[in-house]
DNA sequence: CAGCATCCCATTAGATACTG
DNA sequence: CAGTATCTAATGGGATGCTG
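Chains as they are written, first to last, in the numbering used here: chain U, 16 to 132; chain Y, 16 to 132.
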C-alpha cells in the first residue's frame, strides 16, 4: 500500500515539512497517534475512539504507522487474540508535533468546538 | 472542490488534531505555507520552489488555503498580471505548527537530508 | 478479537491545451 | 503571468463477508 500521499519530496528546504506530514496524514493517523499518547490501546479500543473508521482503514493506517516506525504492535498468542498498540520511541518524539496540531486546532478552529462561555 | 481529506471529524478530543491536519495536508499546502513564512510570493515563484507541482494542483491548493483563511491573494490589475500570495494573520498563527513539522522532519527523517558533518 | 480479501465507487492528481 | 478547462490515470476509501 502506498505511502498515503506526499510521495515525492521535491521541494527545497520545505521538504522536511512534507516529509513529516507524510507520516501523519492519512485521515486517521493523527488521531491514532494522539490517542496512543495516552497509553497502550488495543485494536478495538482505538476503533471505539474513532466512530467512523472502518476496520480496513484502521488496519491500514496502523500498518503504515508501524512501517514508519511510529508505533509498535504487540501480538499476544491468546484466544481470543489480543494486540496492543503503543507509540514507539520514534513515535514519542512526534508528541510535540501532535500536540502543536491539537493546541492550534483547539484554539483556532471555530467549528471544532464552541469555545464559548 | 472538496476539503482534501479529513472531512469527518468524529473523533473525541483528537478531533482538533485532524482538524488542523485537514488544513495543511493536501500534498503541497504544508510546503506552500512554509515558503510563505519567508514572505510574499507570486504564483510562479511558488511554482518554481515546487518543481513537481502542476499549475492545476498549485492553483487548487492555493484556493483552498485562501478559502480556509490561511493565505491572502492580492491581484494587481496589470498586464502582465501579477498576483501576490501572503500568509494571513490566521496563517501566521500556524507558523509554530509548520516549524514543528519542519524541525521534526529535519531531525528525524533519515532519507530527507543527510545530516552528516 | 483482530484481522484479511474482494468488489466497487469517489476523489485526487497528472497531462495537455487554451485564455484574459 | 496567472490562470481555466477537459480528459484520464491512480489512489483512497466504504461496504461486506470470511477466518484463525
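We put the beta carbon where it would ideally sit given N, CA and C, even for glycine.
Residue i vs residue j beta-carbon contact at 8 Å
{"i": "residue 40 of chain Y", "j": "residue 109 of chain U", "result": "no"}
{"i": "residue 32 of chain Y", "j": "residue 86 of chain U", "result": "no"}
{"i": "residue 46 of chain U", "j": "residue 29 of chain Y", "result": "yes"}
{"i": "residue 120 of chain U", "j": "residue 48 of chain U", "result": "no"}
{"i": "residue 66 of chain U", "j": "residue 115 of chain Y", "result": "no"}
As assigned by DSSP and simplified to three states, the class of residue i
{"i": "residue 87 of chain Y", "result": "strand"}
{"i": "residue 109 of chain Y", "result": "coil"}
{"i": "residue 94 of chain U", "result": "coil"}
{"i": "residue 36 of chain Y", "result": "helix"}
{"i": "residue 102 of chain Y", "result": "strand"}
{"i": "residue 56 of chain Y", "result": "strand"}
{"i": "residue 67 of chain Y", "result": "coil"}
{"i": "residue 45 of chain Y", "result": "helix"}
{"i": "residue 120 of chain U", "result": "helix"}
{"i": "residue 128 of chain U", "result": "No answer about residue 128 of chain U holds up, because its pLDDT of 43 lies below 50 and its placement is not dependable."}
{"i": "residue 28 of chain U", "result": "coil"}
Rounded separation between residue i and residue j - CA only
{"i": "residue 97 of chain Y", "j": "residue 68 of chain U", "result": "44 Å"}
{"i": "residue 89 of chain Y", "j": "residue 101 of chain U", "result": "46 Å"}
{"i": "residue 146 of chain Y", "j": "residue 42 of chain U", "result": "Chain Y is shown from 16 up to 132; residue 146 of chain Y falls before or after that span and cannot be answered."}
{"i": "residue 50 of chain U", "j": "residue 118 of chain U", "result": "15 Å"}
{"i": "residue 94 of chain U", "j": "residue 73 of chain U", "result": "22 Å"}
{"i": "residue 137 of chain U", "j": "residue 63 of chain U", "result": "Residue 137 of chain U falls outside the range modelled here, since chain U spans only 16 to 132, and no answer is possible."}
{"i": "residue 71 of chain Y", "j": "residue 55 of chain Y", "result": "20 Å"}
{"i": "residue 53 of chain U", "j": "residue 91 of chain Y", "result": "50 Å"}
{"i": "residue 122 of chain Y", "j": "residue 99 of chain Y", "result": "32 Å"}
{"i": "residue 124 of chain Y", "j": "residue 61 of chain U", "result": "27 Å"}
{"i": "residue 38 of chain U", "j": "residue 57 of chain U", "result": "21 Å"}
Status (buried if at least 16 other CB within 10 Å, exposed otherwise) for residue i
{"i": "residue 59 of chain U", "result": "exposed"}
{"i": "residue 84 of chain Y", "result": "exposed"}
{"i": "residue 76 of chain U", "result": "buried"}
{"i": "residue 34 of chain Y", "result": "buried"}
{"i": "residue 79 of chain U", "result": "buried"}
beta-carbon residue i near the ligand COA non-hydrogen atom, thresh 7 Å
{"i": "residue 94 of chain Y", "result": "For the ligand COA, the structure offers nothing, since it holds no ligand at all."}
Original post:
What residues in the stretch 99-111 of chain U bring their beta carbon closer than 9 Å to a beta carbon of chain Y?
Top reply: 105, 108, 109, 111
Subject >> Residues, ordered as in the chain, of the stretch 40-56 of chain U that lie near chain Y by beta-carbon distance below 7 Å >> reply: 40, 42, 45, 46, 49, 50
Original post:
For the stretch 77-101 of chain Y, which residues have a CB atom closer than 9 Å to at least one CB atom of chain U, in sequence order?
Top reply: none
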